[in-house]
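Some notes on the structure that comes next.
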Amino acid sequence: MDATQTKEMYTEEFLINMGPQHPSTHGVLSLELKLDGETIRNCTPHIGYLHRSMEKIAENRTFTQFIPFTDRLDYVASMNNNLGYVMAVEKLLNLEISERAKYIRVIIAELNRIASHLIATGTFAQDLGAFATPLFYCFREREKIVEIFDQICGNRLTYNYMRIGGVLADLSGEIIEKIKEFIEYMRPKVDDYDELITYNVIFLARSKHIGVLSKEMAINYSVTGPNLRGSGVKWDLRKDEPYLVYDKLEFDIPVGENGDAWDRYKVRIEEMRQSLRIIEQAIESLPQGEVTVRVGRILKPSASETYFRTENPRGELGFYIVGDGSVYPYRLKIRSPSFSNLAVLPELVKGIKVADIVCVLGSFDVLMGEIDR
Amino acid sequence: MRPDEIAAIIKSKFPQVKEEAGTNYIIVPKESILEVAQYIKNPPLGMDNLHCITGIDRKEKIEVVYTFYSIGEHHGVTLKVNLTPEDLNVASLSEIWKSANWLEREVYDLFGVIFSGHPDLRRILNPYDWQGYPLRKNYSNPDFIAKPRM
């Protein structure tokens with residue numbers, strides 16, 4: 000080809016679709032990326048591939064019948080979803096549950112928080128190229144929690160354990176021994192993660208100063224959970240608006256400094272340690288008594304509205320329930336944490352390299368089940 | 025601040041708002057939602073977090089419910105705007121709180137409320153070519169089989 004035939008050289012932005020089938024989007028998320036070479040100029044998320052109309056289904060189910068559906072929202076932390084929903088209904092009914100049930104709920108919710116953070120840690124490390132080893136270690140620890148849950152309620156993923164007025168079943172002495180064993184087992188493992196992943200040079204290089212989320216931006220986008228705390232905002236509903244018995248238990252709220260991907264990851268590691276502390280204290284002061292309050296088989300809340308939010312592993316899960324005096328909710332809105340957390344992604348990835356989008360997305364630990372609902 | 029104190033502050037500043045009977049929710053006329061929102065964003069109320077936006081179809085009206093919280097002040101407030109099914113236009117808050125962007129898109133998708141001034145009002149959960157607004161009470165889809173009522 001001689002010079003007269005070549006056209007004038009030019010560059011232009013090109014469009015690339017990441018997902019909905021992509022190993023690093025953790026579910027069916029589609030990102031429409033506009034690239035200039037390797038640099039991202041624009042990112043448009045498309046969600047809704049997993050939309051199951053949970054809110055419409057709720058209008059045709061009784062309050063009790065909807066509990067199993069909440070398992071399928073954030074299927075990595077089903078117990079926490081159950082908890083948020085039943086507590087919202089209890090608030091609508093003005094129902095006070097027994098002291099033992101409150102402690103059991105705290106123990107179970109914190110165990111599930113550890114299991115959820117383990118998955119977040121393992122998959123995040125895998126996204127950044129630590130192939131398989133951290134993920135297998137995290138799943139090994141998670142297996143112990145899943146076995147405990149299996150013994151409590153017979154399920155390994157979708158537990159359906161919390162009930163309006165209490166919990167499904169009491170914790171036997173055997174299970175409490177198992178949980179105590181798990182705490183002893185887990186403590187050194189978290190330190191192992193620090194050695195294996197947290198201060199690993201490659202991991203630091205991939206995640207430090209990537210996807211920096213400022214304090215103001217995090218609050219303005221209503222980012223919650225570890226992602227908000229990673230930006231240095233000391234805000235945790237368990238401390239700031241305590242529910243159940245969190246005000247009687249001692250724990251710290253870890254916060255990050257820079258708001259980068261590494262800080263968000265570090266907050267999760269620290270939260271696992273704090274959760275272990277919470278479980279230990281809750282088991283020590285577990286009172287005797289009933290685990291369920293008797294509620295009628297047919298629940299008819301008065302025609303009123305309520306909003307209740309709990310601190311989930313991924314952020315603040317809120318349920319806005321409107322009753323109309325019948326056995327069905329008139330309207331049930333699920334405010335899922337990942338939905339708001341994902342909304343900030345386009346802002347963060349503008350101008351970074353295409354390889355780093357996996358790091359930013361992984362550090363946010365979003366889960367499509369609760370985004371699409 | 026307690027919810028009744030917050031309600032009193034907003035009511036003294038904006039005489040056109042009123043409190044919903046039996047609750048601390050504040051009903052704002054749709055013309056003044058933008059200025060009320062602008063006011064509560066700043067001190068003394070400092071609602072820096074627009075936590076949740078949702079709609080409720082009451083058949084004769086559609087309510088848009090805004091839930092605000094303040095990270096610094098540890099309090100919250102709920103505003104409501106009532107819209108008639110004939111005129112479902114309300115000003116968008118996405119200029120003030122960025123979180124409103126996706127939350128308003130969701131309400132538009134499911135209820136058909138038009139947020140004027142929204143930068144990118146598209147469907148979000150349903151496919152972009154979907155017909156109708158699924159969470160309205162009069163919505164029916166040929167594929168949807170309702171469970172027999174008890």
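Chains as they are written, first to last, in our numbering: chain A, 0 to 372; chain B, 25 to 174.
Here a beta-carbon is modelled for each residue, glycine too, at the ideal position from N, C-alpha and C.
Owing to the predicted nature of the structure, the values given are computational and were not obtained by experimental measurement.
Three or more Cβ pairs closer than 8 Å define a contact, and the stretch 144–154 of chain A meets that threshold against the stretch 166–180 of chain A. HIS25 (chain A) and GLU346 (chain A) have their C-alpha atoms spaced approximately 20 Å apart. In the structure shown, the three-state DSSP call for PRO19 (chain A) is coil.
Closer than 7 Å at the C-beta level to chain A, one finds these residues of the stretch 59–73 of chain B: ASP72 and ASN73. Residue A:GLU95 holds the alpha-carbon nearest to the alpha-carbon of VAL290 (chain A) among A:ASN80, A:GLU95 and A:GLU37. Taking the Cα positions, ARG228 (chain A) is about 7 Å away from TRP234 (chain A). In chain order, CYS76, THR78, ILE80, VAL89 and THR91 make up the part of chain B whose C-beta sits under 9 Å from the C-beta of TYR319 (chain A). Per the C-alpha coordinates, the member of B:SER123, B:LEU134 and B:ASN106 positioned closest to GLU55 (chain B) is B:ASN106.
Chain A has a Cβ within less than 8 Å of the Cβ of ILE148 (chain B). Contact check for LEU248 (chain A) and GLN280 (chain A): beta-carbon distance about 5 Å, within the 8 Å limit, so the pair qualifies.
With a cutoff of 8 Å on beta-carbon distance, LYS85 (chain B) and THR108 (chain B) are scored as near each other. For VAL321 (chain A), the secondary structure class from DSSP, reduced to helix, strand or coil, is strand. Taking a cut-off of 8 Å for Cβ pairs, the stretch 40–47 of chain A and the stretch 318–326 of chain A do not touch, as fewer than three such pairs fall below it.
The DSSP-derived three-state label of PRO328 (chain A) is strand. Between PRO151 (chain B) and GLY83 (chain A), the alpha-carbon positions lie close to 29 Å from each other.
By the C-beta density criterion, ARG293 (chain A) is exposed, having fewer than 16 other C-beta atoms within 10 angstroms. Considering only beta carbons, the part of the stretch 124–139 of chain B lying closer than 7 Å to chain A consists of ASN125 and TRP126, in chain order. With contact defined as three or more Cβ pairs closer than 8 Å, the stretch 355–372 of chain A and the stretch 36–53 of chain B are not in contact. At a cut-off of 8 Å, the C-beta of LEU159 (chain B) has a neighbouring C-beta in chain A. Rounded to whole angstroms, the Cβ separation of VAL114 (chain B) and ILE57 (chain B) is 6 Å, and the two are in contact under 8 Å.
With fewer than 16 other beta carbons inside 10 angstroms of its own, ARG146 (chain B) counts as exposed. Here LEU92 (chain A) really is in contact with LEU298 (chain A); their C-beta atoms are around 7 Å apart, less than 8 Å. DSSP, read as helix, strand or coil, puts MET367 (chain A) in helix.
The beta-carbon of THR108 (chain B) is placed no less than 8 Å from the nearest beta-carbon of chain A. Counting only runs that start and end inside the stretch 165–206 of chain A, there is no beta strand (DSSP E) element of at least 3 residues. Remark: fewer than three beta-carbon pairs, one from each stretch, lie closer than 8 Å, so the stretch 9–18 of chain A and the stretch 330–339 of chain A are not flagged as touching. Residue environment for HIS116 (chain A): buried (at least 16 other C-beta atoms within 10 angstroms of its C-beta).
Inclusion of ASP259 (chain A) and GLY317 (chain A) in the CB contact set at 8 Å is not warranted, their separation being larger than that value. If only uninterrupted alpha helix (DSSP H) runs of at least 4 residues are considered, those enclosed by the stretch 93–144 of chain A are 98–126. For the stretch 324–354 of chain A, residues whose beta-carbon sits nearer than 7 Å to a beta-carbon of chain B comprise VAL326, ARG330, LYS332, ARG334, PHE338, SER339 and ALA342. Beta-bridge partners of HIS45 (chain A) (DSSP): A:SER29. Apart from the 5 residues on each side of it in sequence, GLU98 (chain A) sits with its Cβ closer than 7 Å to the Cβ of PRO286 and GLY288 in its chain, given in chain order.
Burial of MET53 (chain A) is indicated by the presence of at least 16 other C-beta atoms within 10 angstroms of its C-beta. DSSP links SER303 (chain A) through a beta bridge to no other residue. Closest in C-alpha terms to GLN62 (chain B), from the list B:LEU112, B:ASP153 and B:GLU119, comes B:GLU119. Within the model, the alpha-carbon separation for MET71 (chain B) versus MET271 (chain A) is close to 31 Å.
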